[in-house]
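*Asks:*
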Amino acid sequence: MKLNVNGKSHEVDVEDDMPLLWVLRDELGITDVKYGCGIAQCGACTVHVDGVAVRSCQLAAGDVDGNVTTIEGLGSPSALHAVQEAWIEHQVAQCGYCQSGQIMQAASFLDLNGEPNDEQIDQAMSGNLCRCGTYPRIRAAIKTAATKLQGA
Amino acid sequence: MGRLKTIARRSFLVGSAAILGGVAFGTYLVKRDPDNPLIASARAGDAVFNPWVKINAEGITLVTPHTDLGQGAASMQAMLIAEELDVELNQISTTPGVPAGAYYNTALAAEAVPFRSNDDSFAAEAMRSTMGAVMKVLGAQVTGGSTSVPDSFDKLRMAGAVARETLKAAAAAETGIEAALLKTEAGAVVLPDGVRIAYTDLADRAAELEPVTDVTLRDPSQWRLIGKQVERLDVVAKSTGTQTYGIDLKLDGMVHASVRMNPRKGAALQGFDATAAQGMRGVSQIVGLPYGVAVIADNTWRAFRALEEIEYDWARAPYPAEQETHWAEVAASFTPERLDKEWRHDGDVDAALEGAEVIEAEYRAPYVAHQPLEPLNAMALVTADRVDIWVAHQIPGFVEQRVAKRLGMETEQVFLHNQYAGGSFGHRLEFDNVDVVVDVAREVMGTPVKLTFSREEDFAQDYNRQIGMGRGRGAHADGKVTVLDLDIATVSSSRSQSGRLGAPVPGPDTQIAAGAWNMRYAVPDLRVRAYAVPELAPTSSWRSVGASTAGFFAESFLDELIHAAGADPMEERLRLTNDPDARAVLEAVAEMSNWGSPLGPRQGRGVALVTSFGVPTAEVVQVTDTDDGIKIDHVWVAAEVGRVVDPVTFENVVAGGVIWGLGHAMNSEITYSDGRAEQDNYHFAEGMRMHQCPIIEVRGLENNPAIRGVGEPPVPPAAPALANAIFAATGKRLREMPFFHTVDFV
Chain A
2 MKLNVNGKSH
12 EVDVEDDMPL
22 LWVLRDELGI
32 TDVKYGCGIA
42 QCGACTVHVD
52 GVAVRSCQLA
62 AGDVDGNVTT
72 IEGLGSPSAL
82 HAVQEAWIEH
92 QVAQCGYCQS
102 GQIMQAASFL
112 DLNGEPNDEQ
122 IDQAMSGNLC
132 RCGTYPRIRA
142 AIKTAATKLQ
152 GA
Chain B
47 MGRLKTIARR
57 SFLVGSAAIL
67 GGVAFGTYLV
77 KRDPDNPLIA
87 SARAGDAVFN
97 PWVKINAEGI
107 TLVTPHTDLG
117 QGAASMQAML
127 IAEELDVELN
137 QISTTPGVPA
147 GAYYNTALAA
157 EAVPFRSNDD
167 SFAAEAMRST
177 MGAVMKVLGA
187 QVTGGSTSVP
197 DSFDKLRMAG
207 AVARETLKAA
217 AAAETGIEAA
227 LLKTEAGAVV
237 LPDGVRIAYT
247 DLADRAAELE
257 PVTDVTLRDP
267 SQWRLIGKQV
277 ERLDVVAKST
287 GTQTYGIDLK
297 LDGMVHASVR
307 MNPRKGAALQ
317 GFDATAAQGM
327 RGVSQIVGLP
337 YGVAVIADNT
347 WRAFRALEEI
357 EYDWARAPYP
367 AEQETHWAEV
377 AASFTPERLD
387 KEWRHDGDVD
397 AALEGAEVIE
407 AEYRAPYVAH
417 QPLEPLNAMA
427 LVTADRVDIW
437 VAHQIPGFVE
447 QRVAKRLGME
457 TEQVFLHNQY
467 AGGSFGHRLE
477 FDNVDVVVDV
487 AREVMGTPVK
497 LTFSREEDFA
507 QDYNRQIGMG
517 RGRGAHADGK
527 VTVLDLDIAT
537 VSSSRSQSGR
547 LGAPVPGPDT
557 QIAAGAWNMR
567 YAVPDLRVRA
577 YAVPELAPTS
587 SWRSVGASTA
597 GFFAESFLDE
607 LIHAAGADPM
617 EERLRLTNDP
627 DARAVLEAVA
637 EMSNWGSPLG
647 PRQGRGVALV
657 TSFGVPTAEV
667 VQVTDTDDGI
677 KIDHVWVAAE
687 VGRVVDPVTF
697 ENVVAGGVIW
707 GLGHAMNSEI
717 TYSDGRAEQD
727 NYHFAEGMRM
737 HQCPIIEVRG
747 LENNPAIRGV
757 GEPPVPPAAP
767 ALANAIFAAT
777 GKRLREMPFF
787 HTVDFV
C-alpha cells in the first residue's frame with residue numbers, strides 16, 4: 002500500500018491491520034513517533050492525518066486515508082514550528098519521551114482553536130500522559146504558541 | 047585581530063604533535079593515571095585531563111556519567127564542568143562515557159548510613175567516610191538517591207578547573223608568557239595582548255603536560271552558569287523529535303524481539319505451545335526461556351502479536367496469590383520478632399501514653415508501579431568474543447558485570463552504551479530487559495537484537511513500590527501535641543532489590559521509616575519504630591523510596607493530633623520544629639500560600655513537611671470540594687537544597703515531583719490476584735493527567751552549605767499535604783492510598 006509521510010511517498014507491504022505506529026517506526030524507520038501504551042491511553046504516538054491529531058497506535062495502516070505528518074514533518078531544529086518554538090522557550094521537556102505526542106496534539110488543537118482558555122487546554126491535552134509531570138509548562142507553552150500563531 | 051596569529055600557531059602545534067608521535071604518547075598517559083577510563087580510547091592529540099574532560103583538535107567533549115533519566119543530569123553535569131573550564135554550552139558535546147570506577151558515586155554512600163542528614167557528629171561523619179571508601183572499592187557508578195548534583199558539585203567543577211589550568215600551562219609553554227598572566231574565556235586562552243588561542247589548538251601541547259591539580263574553585267560571585275537561567279542541552283532535540291532513546295536505535299541487520307515472562311513475578315515457565323505462532327508473518331524464531339518465551343520478528347508489532355498466540359503454562363507465584371493475604375501479612379508484622387529497628391525514642395512514650403486520652407489511627411500505602419513512558423527495551427549484539435549492549439541504565443557497571451557472568455565472559459569483553467532514558471523513577475535499576483536481550487541475542491549470534499516490552503508486559507514485570515502500613519498513637523495537652531508514637535511496617539524494597547543483586551545489605555533497612563524517624567520536630571515524647579514485613583511480591587526503589595510511604599503516615603498522623611489538639615496545622619508544626627532549615631521551608635510555604643488568609647466555601651489547605659535525601663521539603667496544598675469532586679487548586683513547595691544549580695530544571699523537576707506524589711496518591715495502585723498484577727496499562731494506573739494538575743509554585747532555599755539533589759524530596763510531602771487539605775475542606779480523613787477509593791476527584 003502507499004503511504005504519504007512528511008511529504009514523501011512510501012510503498013509499504015504490511016498487513017492491513019498493522020497499526021500506523023509500527024509501520025512508521027519499524028517499516029519506515031521514522032522513530033520520532035513513540036510507542037507508549039498501544040491502547041490510546043497515553044498519546045505518545047500522536048501524529049497528524051491531513052492535519053488532524055490521531056493516535057497512530059489505533060489507526061490501522063489500511064485505514065489511513067490522508068497525508069501523515071510526524072513531528073519531524075511539523076518542524077525541524079533549523080525550521081521550527083511555532084509550537085516547537087514555544088516548547089523550547091518554556092523548556093518544557095524533562096525526559097521528553099511524551100513531548101512529540103504532546104506537541105502534535107497541541108498543534109492540531111491550536112489549529113482548531115486559536116485562542117483557547119485554560120479549561121479547553123486541559124480538555125484537549127488530558128489524553129496525553131506525561132509521567133515526569135511537565136503539565137504546568139505545557140499549559141504555558143500552548144498559550145505562548147497561540148500568541149505566536151495569532152501573530153503569524 | 048588574532049586570527050592570523052591563531053592560524054600560525056595552529057600549524058606550529060600540528061608540528062609539535064608530529065614530533066611527539068601518537069602511540070608512545072598514549073603509553074605515557076596510561077602510566078600517569080591508570081584510573082582515567084578515557085585513556086584506553088585516547089588517540090594521538092587527545093588531551094584527556096581527567097575522567098570528565100577530553101579535548102582534541104576536533105572539539106571539546108565532556109563526560110556526564112550520571113544517567114539522564116529526564117532529570118536533566120547530562121545538562122547539569124556539563125554545566126558544572128563548563129563553569130570552571132570557561133567554555134560555553136554550545137561549544138561542547140557530551141557523552142555518558144563508559145562505565146568505570148572513576149565515576150563512583152560518593153554522595154550515595156552518605157545517604158546509605160543510618161544517621162540523620164543534619165547529624166554532623168563525629169560518629170555520623172566517620173560512618174559516612176567509611177561508606178565512601180566502600181563505594182570507592184566497589185566502584186559503584188549509580189544514578190539514584192537524588193545524588194547526581196551532590197556527587198558532581200565539587201568533583202566536576204574541579205575537573206573543569208584542572209583542565210583549564212592545564213590548558214593555561216600549555217599556552218604558557220607555547221608562548222613563554224607565564225600562566226598567571228593568562229586568562230580563559232569561551233573555550234580559549236586569552237593572552238595579555240588579547241590574542242586568543244582556542245583550547246582545541248592547545249590540546250596537543252596540553253596532552254604532554256602533567257595535569258595542574260593545584261587549583262582553587264571559583265567564588266560563587268564569579269559564576270556564569272550555576273544558578274543562572276540556562277537552556278538545557280537537550281531541549282531542542284526533545285522539542286523536535288530528534289532526541290534518540292534506547293528504543294529508537296537502529297543497527298544494520300537488526301531484528302526485533304519481544305518477550306512474555308511469567309506474570310507471577312519470579313516464577314518459572316513450565317511449558318508452552320507455540321504452534322499457532324509458528325509461521326506467522328515476519329516471525330523468524332520462537333525462543334523458549336526458563337522464565338518465558340521470546341519471539342524474534344522483523345517488526346515489533348508482529349512479535350507482540352505472535353506472543354499473544356502462544357499458550358503458556360506458568361508456575362505458581364512465589365508469594366501470596368491474592369491481595370488480601372499481602373495486607374494480612376503486613377498487618378501481622380507489628381511484632382517484636384519483626385522489629386527492624388527502633389529508630390528514635392525521645393522522652394518516654396509508654397509512660398506518657400499511660401493514662402492519657404490516646405488517639406489512634408492506621409494508614410495504608412499500596413504497591414505502586416514505576417511505568418515511565420518509554421517501555422523497557424534493550425539492544426544487544428553478541429559475538430564469540432565481544433558483547434555490545436545498548437540500554438538506559440542507572441547502574442551501568444553492574445550491567446556489564448551481569449552480562450559477562452550470564453555469558454561466561456570477562457567483564458572487559460562487555461561494552462555498555464548507556465542511553466538517554468524516557469523516564470525511570472527507579473525502574474531502570476533492574477535487569478530484566480538486560481537479561482532477556484542477552485538470552486535472545488546469544489541465540490542469533492552476530493545479529494543485533496532490539497527487545498521491546500509491551501506496556502502490558504512492562505506492568506506485569508515491574509518491581510513495585512513497597513506495600514506498608516503505619517499505626518500511630520498519640521496525645522495532646524493544652525492545645526499542643528505532646529506524644530507521637532509511630533510504628534511502620536513495610537516490606538523492605540532495599541533488601542528485595544539488593545537480594546536480586548546478590549549483595550545483601552547488612553543491618554536494618556534505612557528506608558522503612560525514612561521520612562518519619564528523621565522528622566525535624568521536638569515532640570516531647572516521640573518514638574518511631576520500623577518493622578520489616580517478610581518479602582511478598584518483589585519490590586524496588588520507587589521515586590523517594592521509603593519516604594513515600596513513611597512520610598505519608600507520619601505527616602498524616604501528626605496532622606490528626608494537631609487537629610485533635612485544636613491547634614493550627616502550620617503554627618503547631620512551626621512550634622514543634624527544632625531545626626532552622628525545616629523552619630525556613632515551613633515559613634516559606636506559609637508566606638507563599640498566604641496561610642491563614644480566608645478561604646472560600648468548601649475550600650481547605652493542608653501542609654506537610656518531610657525530610658528525605660537530606661532535603662527538608664514543605665508543601666501546602668489547597669483544594670476545593672466541588673460538586674464534581676475534589677479539585678486541587680494550588681500547591682506551594684519549598685525545599686532546602688544548599689544550592690540551586692540549574693533553576694529552570696529545578697523548578698520543572700520539583701513541580702514534576704509534586705505531580706508524581708499527588709497523582710499516584712490519588713489514582714494509582716497495583717493489586718495482585720491469581721499471583722498477577724491486576725493493572726496492566728495506564729487506564730488503571732496513570733498518575734496524574736493535565737485536567738487534575740494544580741498551579742504549582744516552587745522555591746529553592748540555599749541556607750545550608752550542604753548541596754542536595756531534588757529528584758525525590760518533593761514527592762513524600764505531596765500525599766499527606768493533599769490528605770490534610772481534603773480533611774480541612776471536608777472533614778474526611780484519608781488514611782489509605784490511593785485516595786480515589788475514598789473520595790472523588792474532578
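Residue numbers (the numbering used here), protein chains in the order written: chain A, 2 to 153; chain B, 47 to 792.
Every residue, glycine too, gets a C-beta built ideally from N, C-alpha and C.
1. Take the Cβ of A/Glu116 as the centre, count every other Cβ of all protein chains shown within 10 Å, and call the residue buried at 16 or more, exposed below.
2. Kindly list, in the order they appear in chain B, the residues whose Cβ is closer than 9 Å to that of A/Ala94.
3. Please list the partners that A/Gly115 has in chain B, where partner means a Cβ-to-Cβ separation under 8 Å.
4. Measure the alpha-carbon distance for B/Asp790 versus B/Val653 and round it to whole angstroms.
5. Nearest CA to the CA of B/Ala253: which residue from B/Gly334, B/Arg89 and B/Pro580?
6. Say whether chain A places a C-beta atom closer than 8 Å to the C-beta of B/His439.
7. Quick one: which chain A residues come within Cβ less than 8 Å of B/Thr346?
8. For the alpha helix (DSSP H) that contains A/Phe110, what are its first and last residues?
9. Report the residue from B/Pro196, B/Thr493 and B/Val133 whose alpha carbon sits nearest the alpha carbon of B/Asn151.
10. Closest to B/Leu462 by CA distance: which of B/Ser470, B/Val428, B/Met491 and B/Gly454 is it?
11. Taking DSSP's pairing of strands, which residues face B/Arg651 in a bridge?
12. Going by CA-CA distance only, name the one from A/Gly152, A/Leu60, A/Asn68 and A/His49 that's closest to A/Gly8.
13. Going along chain B, which residues have a C-beta under 7 Å from A/Met126?
14. Among residues of its own chain, excluding the 5 on either side of B/Pro766, which ones have a beta-carbon nearer than 6 Å to its beta-carbon?
15. Quick one: is B/Gly67 near chain A, going by C-beta distance under 8 Å?
16. Report the option in B/Thr262, B/Asp392 and B/Asn770 whose CA atom is closest to the CA atom of B/Glu211.
17. Considering only heavy atoms of the ligand COA, does any lie closer than 7 Å to the CB of B/Glu400?
18. If you reduce the DSSP assignment to three classes, tell me which class B/Pro382 lands in.
19. Here's a check: name, in chain order, each residue in its chain whose Cβ is nearer than 7 Å to the Cβ of B/Thr176, leaving out the five neighbours to either side.
20. Given a cut-off of 8 Å on the beta-carbon distance, is the pair A/Gln42 and B/Tyr728 in contact?
21. Hey, A/Met126 and B/Trp347 are a contact pair by Cβ (cut 8 Å); roughly how many whole angstroms apart?
22. Starting from the beta carbon of B/Arg648, find every residue of chain A whose beta carbon is closer than 8 Å, and list them in chain order.
23. What residue range does the beta strand (DSSP E) around B/Gln331 cover?
24. By a C-beta neighbour count over all protein chains shown, 10 Å radius and 16 as the cutoff for buried, is B/Thr371 buried or exposed?
25. Quick check on B/Glu256: buried or exposed, where buried means 16 or more other Cβ atoms within 10 Å of its Cβ?
26. Bridge partners for B/Ile101 per DSSP, in chain order?
27. Looking at chain B, is there any beta carbon in it that lies within less than 8 Å of the beta carbon of A/Leu150?
28. Give a yes or no on whether 8 Å exceeds the smallest Cβ distance from B/Lys182 to chain A.
29. In this structure, does DSSP put A/Lys35 in helix, strand or coil?
30. Tell me whether B/Thr498 sits in a helix, a strand or coil according to DSSP, three-state version.
31. Spell out whether any CB of chain A is found under 8 Å from the CB atom of B/Ala119.
32. Please give the ranges of any alpha helix (DSSP H) in the stretch 734 to 762 of chain B, keeping only runs that are unbroken, at least 4 residues long and fully inside the region.
33. Comparing the C-beta of B/Lys526 with each C-beta of chain A, is any distance below 8 Å?
34. With a threshold of 8 Å on Cβ separation, who are the neighbours of B/Gly67 within its own chain once the five nearest residues in sequence on each side are excluded?
35. Compute the distance between the beta-carbons of B/Ala438 and B/Gly292, then report whether it is under 8 Å.
36. Alpha carbon to alpha carbon, what distance is there between B/Ala313 and B/Val661?
*Replies:* Taking the coordinates as given:
1. Counting every other CB atom within 10 Å of its CB across the protein chains shown gives A/Glu116 a total below 16, marking it as exposed.
2. Listed along the chain, the chain B residues whose CB falls inside 9 Å of the CB of A/Ala94 are Gly116, Arg278, Asp280, Val281, Ala283, Lys284, Ser285, Gln289 and Asn698.
3. Taking the beta carbon of A/Gly115 as reference, no residue of chain B falls within 8 Å; the closest one sits roughly 20 Å away.
4. Using only the alpha carbons, I get a separation of about 21 Å.
5. Ranking B/Gly334, B/Arg89 and B/Pro580 by Cα distance to B/Ala253 puts B/Arg89 first.
6. No, B/His439 lies away from the interface with chain A (no Cβ there is under 8 Å from its Cβ).
7. Trp23, Arg26, Asp27 and Tyr36, listed in chain order.
8. Per DSSP, the unbroken alpha helix (DSSP H) holding A/Phe110 starts and ends at Gln100 to Leu113.
9. Cα-wise, what sits closest to B/Asn151 is B/Pro196.
10. For the options B/Ser470, B/Val428, B/Met491 and B/Gly454, the alpha carbon positioned closest to that of B/Leu462 is the one of B/Val428.
11. Bridge partners of B/Arg651: B/Gln668.
12. Closest by alpha carbon: A/Asn68.
13. Residues of chain B passing the Cβ test: Met736.
14. Excluding residues up to 5 positions away in sequence, Phe598, Glu601, Ser602 and Ala654 lie with their Cβ nearer than 6 Å to the Cβ of B/Pro766 in the same chain.
15. For B/Gly67, the pLDDT reaches just 25, beneath the cut-off of 50, and the residue's location in the model is therefore unreliable, although a value from the coordinates is still provided. Not closer than 8 Å to any Cβ of chain A, the Cβ of B/Gly67 fails to qualify, so no.
16. For the residues B/Thr262, B/Asp392 and B/Asn770, the minimum Cα distance to B/Glu211 belongs to B/Thr262.
17. Looking for the ligand COA in the displayed structure turns up nothing, as the structure carries no ligands at all.
18. B/Pro382 falls in the helix class under three-state DSSP.
19. Low confidence applies to B/Thr176: its pLDDT is 46, below 50, so where it sits in the model is not reliable enough to give any reading.
20. Going by C-beta atoms, A/Gln42 is nearer than 8 Å to B/Tyr728.
21. A/Met126 to B/Trp347, Cβ: 27 Å. No contact.
22. Under the 8 Å cutoff, chain A gives no residues; its nearest Cβ is about 19 Å from B/Arg648.
23. In the DSSP annotation of this structure, the continuous segment of the beta strand (DSSP E) that includes B/Gln331 starts and ends at Val329 to Leu335.
24. Exposed is the call here.
25. Around the beta carbon of B/Glu256, fewer than 16 other beta carbons sit within 10 angstroms, so the residue counts as exposed.
26. In the DSSP secondary-structure assignment, B/Ile101 is bridged to B/Ala93 and B/Ile106.
27. By this cut-off, A/Leu150 is not an interface position.
28. Confidence is the limiting factor: at B/Lys182 the pLDDT is only 47, short of 50, which leaves the residue's position unreliable and the question unanswerable from this model.
29. Coil.
30. When secondary structure is reduced to three states using DSSP, B/Thr498 falls in the strand class.
31. It does not: the Cβ of B/Ala119 has no partner Cβ on chain A nearer than 8 Å.
32. Listed in chain order, the alpha helix (DSSP H) elements of length 4 or more contained wholly in the stretch 734 to 762 of chain B amount to none.
33. B/Lys526 does not count as touching chain A.
34. Summary for B/Gly67: the model assigns pLDDT 25, below 50, so the residue's position carries little reliability, and this model does not support an answer.
35. Taking 8 Å as the Cβ cut-off, B/Ala438 and B/Gly292 qualify as a contacting pair.
36. So the alpha carbons of these two residues sit roughly 39 Å apart.
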